[in-house]
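What follows is a short report on a single structure.
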Amino acid sequence: MMKEYENFKLGLVELTSNKMRTGLTMLGIIFGVASVIAMLSIGEGARQETLEQIEILGTNNIIINKKAVSAEAKKKTDASFSPGLTLKDAASIEEINPFIEHVTPQKEMELTVIYKSKIVDGRIIGTTETYPDAYNSRLKSGNFFTAHHNETYANVCVIGSGIKRELFSFEAAVGKEIKIGDLWFRVVGVMNPKNISSEGAESFGLSDFNLDIYIPYSTMVNKLEQLDEDENQSSIVGGGFMMVFGSSTAQVNTIDRTSVDKLTAKIKNDVSITSAAELIERTLNRKHFGMKDYEIIIPEELLEQKQQTQKIFNVVMGAIAGISLLVGGIGIMNIMLSNILERTREIGIRRAVGATRQNVLRQFMYEAVVISIVGGLLGIFLGFILTSLITSYADWRTSITTFSVLLAFIVSVCVGLIFGIYPAKKAAEKDPIESLRYE
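Add 8 to a position in the sequence shown, counting from 1, and you land on the number used in our numbering.
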């Protein structure tokens, strides 16, 4: 152990005696380690962001969205028979599909929301009491509305954290009344904020959940939509029927109180989502008479696709950063070969006073390892700085893991060992007499 310590100390003294050359030798390792840490932090940040966005959609969910049908598609099938996406579809899926825990309908409207003198535009979501469970949503204060609220067409709402901030600032929102369209609603709950990135919104078709307002589905279709329809009619003759006077015939319109924009089917645990999706598609295909006026989205499949893309990205970025370490290793070998040439006479003197080839080999190996260790530590420090700069100026999410730091450091040490072996072996094999004669 004492011999090893002496060799290590001797190598350190030799390196510090020529600081400029040692520093230049370390540069490749420093930038290589920093690059590995920075690239892996970008990949890890993107992975975490993807997981969060998918978590919002619900990994155990199957989402069915209403879809516009092209004129060509309507010609191929009789579109008049398809009712579109409705509550009847939700009931059929729950009744037929044994894999389903529950189906949550959603209907959307864009309306103006008013509280005192503050006015904001909000997305109004008509849904049911199962919404928080479907989307893993938690409330910051208050409660979500209940099945009783839906049954009684209650004027209650739950607001997103963004709406709460814009309308109420630091004031408590629960119990207050806000005006949505032309109706007053009592706030019964405030949702926890959800982190929606611009990239996540674009990749997964997500809107800002923090600006949503949730009301009972029945209240939306029987009150809000009724008022909206009333504004577009010249006169109302009870129950949603319109009579256009001055014509020989009567034109009758009714408000569709069963149509929805989205259905979210939550799958039971330990059940194949693919099998559940296939059964849902067969059910809807039959109910819609073959008309594809809906699309099925499986968040779990989206996650797998994104993870596969992320793996490729990580491999490419890791390879690019690895090249920097390779260049650093070549730098170590070149500088050490030059160093050995300069120290040929020293090697001859050491051999002449009794040093073995093994002693010379270890001395130069220790020098390579010291360069790698110190360069690796400085590279870790620079990697943290680079990652911080990327987050600040590129506005990318990054995350440094213990694995990435250890990987970069261990690889840097291995690079030093691998590229230090040849110069050390070259030094050990020098003939002592020829070394002493070297000028």
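Heads up, the beta-carbon is just placed ideally off N, CA and C, and yes, glycines get one too.
Any idea if residue i is buried or exposed, counting beta-carbon neighbours within 10 angstroms, 16 or more meaning buried?
{"i": "M28", "result": "exposed"}
{"i": "P224", "result": "buried"}
{"i": "Q56", "result": "exposed"}
{"i": "Q366", "result": "exposed"}
{"i": "E233", "result": "buried"}
{"i": "I280", "result": "Residue 280 is actually Ser in this sequence, not Ile. S280 comes out exposed."}
{"i": "P106", "result": "exposed"}
{"i": "N99", "result": "The residue you asked about is not Asn; residue 99 is Ala in the sequence shown. Exposed."}
{"i": "L333", "result": "buried"}
{"i": "R146", "result": "exposed"}
{"i": "Q313", "result": "exposed"}
{"i": "N218", "result": "buried"}
{"i": "Y430", "result": "exposed"}
{"i": "T364", "result": "exposed"}
{"i": "V378", "result": "buried"}
{"i": "L394", "result": "buried"}
{"i": "E185", "result": "exposed"}
{"i": "H156", "result": "exposed"}
{"i": "V323", "result": "exposed"}
{"i": "A54", "result": "buried"}
{"i": "S49", "result": "buried"}
{"i": "K126", "result": "exposed"}
{"i": "T24", "result": "exposed"}
In whole angstroms, what separates the C-alpha of residue i from that of residue j?
{"i": "I167", "j": "G197", "result": "7 Å"}
{"i": "E52", "j": "I70", "result": "26 Å"}
{"i": "R358", "j": "E437", "result": "13 Å"}
{"i": "A360", "j": "Q371", "result": "16 Å"}
{"i": "I122", "j": "T227", "result": "18 Å"}
{"i": "L59", "j": "L65", "result": "10 Å"}
{"i": "G428", "j": "Y374", "result": "9 Å"}
{"i": "E191", "j": "E179", "result": "Correcting the residue type first, residue 191 is Leu in the shown sequence and not Glu. If you take the alpha carbons of L191 and E179, they lie about 22 Å apart."}
{"i": "F389", "j": "I304", "result": "47 Å"}
{"i": "M47", "j": "G383", "result": "18 Å"}
{"i": "T138", "j": "E286", "result": "23 Å"}
{"i": "I340", "j": "G356", "result": "23 Å"}
{"i": "Q316", "j": "R265", "result": "42 Å"}
{"i": "G362", "j": "I331", "result": "41 Å"}
{"i": "E354", "j": "I328", "result": "39 Å"}
{"i": "E289", "j": "F411", "result": "42 Å"}
{"i": "P307", "j": "A142", "result": "13 Å"}
{"i": "K459", "j": "W404", "result": "Because the chain here runs from 9 to 447, residue 459 falls outside it and cannot be looked at."}
{"i": "L397", "j": "Y302", "result": "44 Å"}
{"i": "K187", "j": "I320", "result": "50 Å"}
{"i": "R351", "j": "I426", "result": "21 Å"}
{"i": "F152", "j": "N163", "result": "13 Å"}
{"i": "S177", "j": "Q318", "result": "39 Å"}
{"i": "N26", "j": "Y401", "result": "37 Å"}
{"i": "F193", "j": "T291", "result": "37 Å"}
{"i": "D278", "j": "N203", "result": "28 Å"}
{"i": "A42", "j": "M199", "result": "40 Å"}
{"i": "I45", "j": "G189", "result": "52 Å"}
Would you say the beta carbon of residue i comes nearer than 6 Å to a heavy atom of the ligand COA?
{"i": "I328", "result": "No copy of the ligand COA appears in this structure; indeed no ligand is present at all."}
Below 8 Å on the Cβ atoms is my guess for residue i versus residue j; work out the distance and round it to an integer in Å.
{"i": "C165", "j": "V128", "result": "Their Cβ separation, rounded to whole angstroms, is 13 Å, which puts C165 and V128 out of contact at 8 Å."}
{"i": "L271", "j": "P91", "result": "So it is not a contact: roughly 13 Å between Cβ atoms."}
{"i": "G326", "j": "V423", "result": "The Cβ separation is near 14 Å, so there is no contact."}
{"i": "V111", "j": "M299", "result": "20 Å between Cβ atoms; not a contact."}
{"i": "S380", "j": "V421", "result": "5 Å"}
{"i": "D220", "j": "I101", "result": "Their Cβ separation, rounded to whole angstroms, is 24 Å, which puts D220 and I101 out of contact at 8 Å."}
{"i": "T409", "j": "T399", "result": "Not confirmed; about 15 Å, so no contact."}
{"i": "A273", "j": "I108", "result": "5 Å"}
{"i": "I343", "j": "T33", "result": "4 Å"}
{"i": "N73", "j": "I275", "result": "Between I275 and N73 the Cβ distance is about 17 Å, and since that is not below 8 Å, they are no contact."}
{"i": "L6", "j": "A432", "result": "No statement about residue 6 is possible, as the shown extent of the chain runs from 9 to 447 and does not include it."}
As a quick exercise: from the options, pick the residue whose alpha carbon is nearest that of residue i.
{"i": "E103", "options": "A284, K202, H156, E179", "result": "A284"}
{"i": "L386", "options": "T24, I37, T30", "result": "I37"}
{"i": "G170", "options": "F321, A181, E375", "result": "A181"}
{"i": "E116", "options": "L59, F389, D269", "result": "D269"}
{"i": "E309", "options": "E350, T282, G298, I132", "result": "T282"}
{"i": "Y222", "options": "K276, T154, E109", "result": "T154"}
{"i": "I348", "options": "L119, S267, A376", "result": "A376"}
{"i": "T94", "options": "V229, D220, Q316", "result": "V229"}
{"i": "R294", "options": "E63, P140, T120, D97", "result": "D97"}
{"i": "L175", "options": "A142, N203, G150, T120", "result": "T120"}
{"i": "F39", "options": "A432, A402, F392, Y401", "result": "F392"}
{"i": "P201", "options": "A42, S149, H296, K231", "result": "S149"}
{"i": "K172", "options": "N277, V41, T30, G130", "result": "G130"}
{"i": "N158", "options": "T136, G189, P140", "result": "T136"}
{"i": "K231", "options": "V41, L311, K124, T160", "result": "T160"}
**OP:** Write down every uninterrupted run of the beta strand (DSSP E) in the stretch 31-109 whose length is 3 residues or greater and which is fully enclosed by it, in chain order.
**Re:** Entirely contained in the stretch 31-109, the beta strand (DSSP E) runs reaching 3 residues are, in chain order, 69-74.
Subject >> Secondary structure, alpha helix (DSSP H): runs of 4+ residues fully inside the stretch 329-367 >> reply: 352-360
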